[in-house]
Amino acid sequence: MKYLTRFLLPLLLLLLAACQQLPPAPSAAPPRWTEAQVQALRSLGFSSEDGEEWSLNLAASLLFDFDSERLKPQQMQQLEQVGRTLAGVGVPGLRIEGHSDNVGDADYNRRLSLRRAGSVAQALAAAGLQADKLPTQGFGSAKPIADNASESGRAQNRRVVLIAPSL
Numbered sequence: 001m002k003y004l005t006r007f008l009l010p011l012l013l014l015l016l017a018a019c020q021q022l023p024p025a026p027s028a029a030p031p032r033w034t035e036a037q038v039q040a041l042r043s044l045g046f047s048s049e050d051g052e053e054w055s056l057n058l059a060a061s062l063l064f065d066f067d068s069e070r071l072k073p074q075q076m077q078q079l080e081q082v083g084r085t086l087a088g089v090g091v092p093g094l095r096i097e098g099h100s101d102n103v104g105d106a107d108y109n110r111r112l113s114l115r116r117a118g119s120v121a122q123a124l125a126a127a128g129l130q131a132d133k134l135p136t137q138g139f140g141s142a143k144p145i146a147d148n149a150s151e152s153g154r155a156q157n158r159r160v161v162l163i164a165p166s167l
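Oh and the sequence shown: position 97 is 97 in this note's numbering, straight run, nothing missing.
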């Protein structure tokens, strides 16, 4: 009897515990972006390498004049379209990265690039995106996309990039 209670009973309890069902596998995670959001991002020119984070380099259409953060009327119209389209499909916000060329002091260029990002954030907020969901960053000349040795290269580096982060 001692044998039964000391060894056999714990063994039976252990076997019974092993027979329990495993918990069901978790269901697939819901998609991070809706189809309407993806279509809107693509229609505006955003691209994504992983389907999570989408970016739009506005260098082709949103270049700033030397030493300026001022947006031109046609740039304001483009940003209004971006803001309305994204707000219309429920994209919650964008991260806005400002950039500059390498002419001048590095600290000044960082501040200038932050002001450029701020100008874009204001335009997007006026178009319907939530201002508190539009964080800005200024990188100065730290991330050039073109050679700063030529005027055309420097002009391309005076830009803003919009990033729709993963939800």
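Beta carbons: idealized from backbone N, C-alpha and C, even for Gly.
Contacts around R116, its chain only, beta-carbon distance under 7 Å, and the 5 residues preceding and following it disregarded: F64, E69, G98, V160
So what's A126 in DSSP terms, helix, strand or just coil? Three-state DSSP puts A126 in a helix.
Let's test the definition: count the other Cβ atoms within 10 Å of the Cβ of S100 and tell me whether it reaches 16, buried, or not, exposed. buried
Tell me, which residues are paired with L58 by DSSP? DSSP, once it has assigned bridges, lists no residue as partnering L58.
Any idea what DSSP makes of S47, helix, strand or coil? strand
Of the listed residues E35, S152, Q78, L124, nearest to V89 (C-alpha basis): E35
Compute the Euclidean distance between the alpha carbons of Q130 and A106, then round it to the nearest angstrom. 31 Å
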